[in-house]
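So that you can map any letter, position 62 of the sequence shown is 61 in numbering that gives the first Met the number 0, and since no number is skipped, the others follow by simple counting.
Report on one structure; see the data block that follows.
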Amino acid sequence: MTYSFECLECGNPRGMQGECRQCGSQDLPVSHSDTIVLNLKLGSPTAQEALDRLTIALRRASELGIKAMILIHGYGASGEGGRIKQVIHHALDHHYFSDRVEQYHFGEHTAFGSEAYHALLRRRPSLKGHLKHFKEGNAGMTVLLLATVSKNCLE
0 MTYSFECLEC GNPRGMQGEC RQCGSQDLPV SHSDTIVLNL KLGSPTAQEA LDRLTIALRR
60 ASELGIKAMI LIHGYGASGE GGRIKQVIHH ALDHHYFSDR VEQYHFGEHT AFGSEAYHAL
120 LRRRPSLKGH LKHFKEGNAG MTVLLLATVS KNCLE
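Right under this line is the structure:
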């Protein structure tokens with residue numbers, strides 16, 4: 000597992016949530032990037048567990064100043080998209096995360112060279128390395144551009 004965050008107290012790599020495993024610090028970690036990847040399929044959660052995981056991650060990402068999130072939700076074996084993908088798409092389409100997500104782009108509509116692809120790069124050039132996984136459009140991934148949340152809203 001690679002970490003994109005560092006403990007503010009001891010300097011060791013750590014995840015964005017929970018306490019530091021090295022020193023036990025509860026302080027917010029320091030982020031090495033303004034873009035993170037969140038694999039919602041990890042551990043084979045139910046669709047509701049994945050949605051809950053995304054809710055918590057979005058809250059923490061706002062606290063850390065993360066500007067973009069690449070969601071890996073998978074496509075599913077059904078040929079119509081798996082339950083995690085369906086639940087995430089439904090939540091986004093019905094503005095469930097409108098307080099944290101400014102824009103979202105489903106992978107299947109963000110193929111390399113498409114207008115959506117170029118619009119994303121104009122808005123967030125740091126996404127270029129992440130969008131290499133969207134060469135043919137990737138129905139198992141979604142890009143979230145996060146809303147800027149003022150510190151007063153977080154208190």
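We treat Cβ as the ideally placed atom computed from N, Cα and C, and that holds for glycine.
8 angstroms contact criterion, which residue i and residue j should meet: CB distance rounded
i	j	result
Leu119	Ala90	Rounded, the Cβ-Cβ distance is 20 angstroms, inconsistent with contact.
Asp33	Gly64	7 angstroms
Ile69	His129	5 angstroms
Leu144	Glu101	5 angstroms
Arg122	Leu57	Not a contact, Cβ separation roughly 18 angstroms.
Three-way DSSP call (helix, strand, coil) for residue i in this model
i	result
Gln21	coil
Thr34	strand
Arg13	strand
Leu39	coil
Ala67	strand
Ser61	helix
Asp98	coil
Lys127	coil
Lys150	Residue placement at Lys150 is poorly supported in this model, since its pLDDT is 45, which falls under 50; the coordinates are not used for a value here.
Thr109	coil
Glu48	helix
Ala56	helix
Opposing strand residues paired with residue i [DSSP bridges]
i	result
Glu5	Pro12 and Val29
Tyr103	Leu143
Opening and closing residue of the beta strand (DSSP E) in which residue i lies
i	result
Tyr74	Per DSSP, Tyr74 belongs to no beta strand (DSSP E) and is neither H nor E.
Residue range of the unbroken alpha helix (DSSP H) whose run includes residue i
i	result
Tyr116	Glu114 to Arg122
Asp92	Arg82 to Asp92
Span separating the alpha-carbon of residue i from that of residue j
i	j	result
Met0	Leu39	With a pLDDT of 42 at Met0, under the threshold of 50, the modelled position of that residue is not reliable, and the figure given next carries that caveat. Distance between the alpha carbons of Met0 and Leu39 is about 15 angstroms.
Thr45	Ile83	7 angstroms
His104	Val142	5 angstroms
Gly42	Glu48	10 angstroms
Phe96	Cys19	27 angstroms
Ser125	Lys131	12 angstroms
Phe4	His117	28 angstroms
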